[in-house]
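These notes are about the structure you will find just below.
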């Protein structure tokens, strides 16, 4: 008997043609949670995906998408961990949140689970976690009598050597980079501090997932937007966000954005989850270090550093290692500023939110590796904690916390003159930027 995992599809095929015609209206009303973004971030020409199913038969597992119109799909496989990546033009995924999790279901095929989302402007991606070595065979596209387009992606299990050769032969395109924006005369003359706000995860990388189905990427994006708005209201700062919609941004790219913009402060927003310990709660502030404060911090950094793999890319190495004494001095000074800001954050946040037992820790997060931009990573709380999750979804709590964070920023920049960097190191800024690997 073939094994099948699917969503309820009663009447779906009959409604595809109408859904395709109404796609512009649906998009104007706002995409599904997995595709949140600013108005106009998606166009009416994007195909709409309304169903996905997996079926295993005769040694082949098929992932079939039901779409409003035909699209071109490209697939390749990657090792460590074994996964397949399906690159698509931008797709509006109107799928149930449980789609792709396959938790508690029998895994007798090649697919363990899959996730999907916006990978880069104009591009979507499906990342398939494989149960073992498998290759993607010819992708088939058919059209039903009702007008639905079915894109069928077949996976066939193979031996390790065959899979490794297929992974080497694959030629994934690098993640699209935003072209550096040329500074206008007014921007060049603007001496206000530039703060880069980094909403963790995004697109095909959901981050932690609460028992209620809430994604970390959505929680932290909403918080990051509120924090940016709070700082902007003061008129004291220039603001830049590493992502302004639900899109995947590689870790090294986040660092590159801050360094090329010559940011004065980088703040990365995250939320953790420990399903085995729902009693653990509270916020933690991290600064960068080669040596972690404790094993828990090391494990968290390792997990966060795997974000690129979760989205089907190979992680870039980030800024080059310290090469000379001047760069080493700059790095020490920068980490001193980072620790100073972390201290101010603790002072302002402690009265308005619950902190963890060790509120300031150090670990080797890739997004904290900039040698010349003071950087911190804030874990706002735990999605696995009922009380933390309720707070993270509270507008009142968010307003209170972002207000206190804004005060910490004000305190940090009150000694603006002390933040100048050694002039001798400045020419090496761009040379130290590492490319983002595909």
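In mature numbering (1 follows the signal peptide of the UniProt record, and there is no 0), the protein residues as written are -34 to -1, 1 to 404. For each residue, glycine too, the CB sits at the ideal point set by N, CA and C.
Contact set for residue i: own chain, Cβ-Cβ below 8 Å, skip 5 residues either direction
i, result
"residue 328", "252, 253, 254, 255, 257, 258, 259, 263"
"residue 227", "160, 162, 206"
"residue 124", "99, 100, 101, 132"
"residue 304", "253, 254, 334, 340, 341, 342"
"residue 372", "193, 196, 197, 200"
"residue 67", "79"
"residue 186", "165, 166, 167, 173, 235, 236, 237, 346"
"residue 331", "234, 252, 254, 267, 270, 271, 343"
"residue 312", "251, 321, 325, 326"
Range covered by the alpha helix (DSSP H) that runs through residue i
i, result
"residue 133", "126 to 135"
"residue 241", "It is not in any alpha helix (DSSP H) - residue 241 carries neither H nor E in the DSSP assignment."
"residue 34", "Note, residue 34: premise wrong, no alpha helix (DSSP H); not H, not E."
"residue 266", "261 to 270"
Own chain, CB closer than 7 Å to residue i, minus 5 neighbours either side, in chain order
i, result
"residue 170", "81, 82, 83, 85, 91, 93, 214, 277, 278"
"residue 130", "45"
"residue 174", "182, 237, 238, 239, 349"
"residue 273", "167, 171, 217"
"residue 357", "347, 363"
"residue 64", "none"
"residue -6", "Unreliable positioning characterises residue -6 in this predicted model, as indicated by a pLDDT of 36, which lies under 50. The coordinate reading is nonetheless provided below. Cβ within range, chain order: n/a, list empty."
"residue 336", "221, 224, 225, 232, 285"
"residue 301", "253, 254"
Paired residues, beta bridge with residue i - DSSP
i, result
"residue 121", "27, 102"
"residue 163", "207, 233"
"residue 55", "89"
"residue 253", "328"
"residue 415", "Residue 415 lies beyond the residue range present for the chain, which begins at -34 and ends at 404; the question has no answer from this structure."
"residue 40", "53"
"residue 107", "117"
"residue 96", "77"
"residue 18", "31"
"residue 13", "57"
Proximity of residue i and residue j at Cβ, strictly below 9 Å
i, j, result
"residue 415", "residue 333", "Nothing can be reported for residue 415: it is not among the residues displayed for the chain, which extend from -34 to 404."
"residue 200", "residue 364", "no"
"residue 220", "residue 234", "yes"
"residue 17", "residue 61", "yes"
"residue 202", "residue 158", "yes"
"residue 20", "residue 75", "yes"
"residue 50", "residue 31", "no"
"residue 345", "residue 208", "no"
"residue 106", "residue 121", "no"
"residue 77", "residue 110", "no"
"residue 351", "residue 319", "no"
"residue 204", "residue 156", "yes"
"residue 47", "residue 190", "no"
"residue 353", "residue 247", "yes"
Other residues of its chain near residue i: CB distance less than 6 Å, five sequence neighbours each side excluded
i, result
"residue 13", "33, 34, 35, 37, 57"
"residue 378", "307, 310"
"residue 229", "160, 162, 339"
"residue 95", "49, 78, 79"
"residue 6", "Legend: pLDDT at residue 6 = 35, less than 50; position of this residue unreliable, value from coordinates given subsequently. Answer for residue 6: no residue qualifies."
"residue 176", "349, 355"
"residue 29", "20, 119"
Terminal residues of the beta strand (DSSP E) in which residue i lies
i, result
"residue 318", "No beta strand (DSSP E) holds residue 318; DSSP gives it neither H nor E."
Contact with chain C by residue i, beta-carbon distance below 9 Å
i, result
"residue 342", "Reference to chain C is not applicable here, since this structure consists of a single protein chain."
For this session: Within the region 166 to 234, note down every full beta strand (DSSP E) run reaching 3 residues or more, in order along the chain.
Result: As far as the region 166 to 234 is concerned, its whole beta strand (DSSP E) runs of at least 3 residues are 204 to 207.
Problem set entry | In chain order, each alpha helix (DSSP H) run of at least 4 residues that lies wholly inside the region 333 to 384 | The region 333 to 384 contains these whole alpha helix (DSSP H) runs: 352 to 358, 361 to 379.
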